[in-house]
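What follows is a set of notes on a single structure, which appears directly below.
In my numbering, the protein residues as written are 80 to 369.
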């Protein structure tokens with residue numbers, strides 16, 4: 080659990096943390112992995128509901144998936160981070176193994192409809208391509224899909240989700256490990272209304288926009304190389320009211336109190352039209368999930 084800088088020991092009440100989905104979802108697993116069981120958990124239906132609950136002070140933190148090792152960034156979450164201007168204060172990687180599940184008495188030969196999140200369908204594309212007669216129906220998330228299949232109680236319906244979801248909702252596994260990539264994992268971020276900065280922070284996230292001209296991105300990012308800063312990720316998203324122009328989300332190593340990181344940030348700011356820090360936190364190690 081990476082709770083350094085997150086839990087205020089002076090508080091006389093438990094933290095309230097929100098996640099999208101229902102019990103058995105990978106988001107809930109990321110929440111437990113990060114905070115443990117000693118917090119109040121609030122589940123919501125949509126990603127944006129997390130931001131709304133945080134804005135209204137109904138939760139202290141939110142947990143959201145932001146990218147998958149097989150299918151890439153989750154664009155909606157990136158857009159919401161920019162819209163609400165909250166901060167990333169932590170991250171967790173969760174190993175994602177998908178399984179095909181249905182009610183007792185059902186078999187693969189019975190299946191006609193499969194419910195899951197669209198990301199899960201993408202992550203299981205190789206297996207699903209072998210069953211072109213199945214109707215794939217996108218649903219809120221993997222655990223909600225399992226719940227729906229259980230409540231419907233139809234032998235021709237199946238869900239794609241985790242073993243934990245199958246146990247929680249009383250479904251049997253028809254086929255284990257159907258994800259195409261055996262090293263499939265999802266990165267989750269912990270968001271807060273308040274920026275985190277302490278000695279244990281070693282990763283920084285920011286969002287920036289640039290002039291629409293040749294070399295602008297290079298001029299902005301070269302500050303990292305000049306200051307020996309490791310750039311970890313760059314993700315582009317379209318600017319809605321400016322066709323074919325983009326904002327960029329960047330992750331890089333460092334602590335804002337470190338001279339190299341501070342200098343790099345100041346130099347990048349000079350090259351940008353807009354620049355905003357959206358996170359300072361402790362990097363989670365991918366290796367621990369493999």
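Quick reminder that beta carbons are idealized off the backbone N, C-alpha and C, glycines included.
By a C-beta neighbour count over all protein chains shown, 10 Å radius and 16 as the cutoff for buried, is residue i buried or exposed?
i           : result
residue 304 : exposed
residue 285 : buried
residue 166 : buried
residue 322 : exposed
residue 262 : exposed
residue 312 : exposed
residue 255 : exposed
residue 273 : exposed
residue 326 : buried
residue 293 : exposed
residue 212 : exposed
residue 97  : buried
residue 217 : exposed
residue 81  : Because residue 81 sits at a pLDDT of 46, beneath the cut-off of 50, its placement in the model cannot be relied upon, and the point is left open.
residue 186 : exposed
residue 319 : exposed
Check whether the Cβ atoms of residue i and residue j sit closer than 8 Å, and answer yes or no.
i           : j           : result
residue 115 : residue 270 : no
residue 266 : residue 146 : yes
residue 228 : residue 207 : no
residue 122 : residue 103 : no
residue 356 : residue 288 : no
residue 239 : residue 195 : yes
residue 203 : residue 257 : yes
residue 197 : residue 105 : no
residue 329 : residue 310 : yes
residue 275 : residue 168 : yes
residue 108 : residue 156 : no
residue 359 : residue 171 : no
residue 214 : residue 191 : yes
residue 281 : residue 308 : no
residue 302 : residue 343 : yes
residue 128 : residue 94  : no
Please classify residue i: does DSSP put it in a helix, a strand, or coil?
i           : result
residue 293 : coil
residue 251 : strand
residue 138 : coil
residue 198 : helix
residue 305 : helix
residue 298 : helix
residue 321 : coil
residue 119 : strand
residue 365 : helix
residue 129 : helix
residue 417 : As displayed, the chain neither begins before 80 nor continues past 369, which places residue 417 out of reach and without an answer.
residue 242 : helix
residue 342 : helix
residue 88  : Confidence at residue 88 is low in this model, with a pLDDT of 43, below 50, so its placement is unreliable and the value that follows should be read with caution. Here residue 88 sits in coil by DSSP.
Between which two residues does the beta strand (DSSP E) containing residue i stretch?
i           : result
residue 330 : 325-332
residue 158 : No beta strand (DSSP E) contains residue 158, which is instead part of the alpha helix (DSSP H) from 154-163.
residue 178 : 178-181
residue 215 : 214-217
Let me check one thing: in DSSP terms, what residues is residue i bridge-paired to?
i           : result
residue 349 : Its beta-bridge partners do not exist; DSSP assigns none.
residue 312 : 330
residue 287 : 327, 354
residue 359 : 283
residue 269 : 142, 169
residue 98  : 122, 142
residue 147 : 151, 265
residue 192 : 214, 236
Assuming residue i is part of the alpha helix (DSSP H), what are its boundary residues?
i           : result
residue 171 : Note, residue 171: premise wrong, no alpha helix (DSSP H); beta strand (DSSP E) at 166-174.
residue 111 : 105-114
residue 224 : 221-231
residue 335 : Residue 335 -> no alpha helix (DSSP H), and no H or E assigned at all.
residue 93  : Run containing residue 93: none; DSSP gives neither H nor E here.
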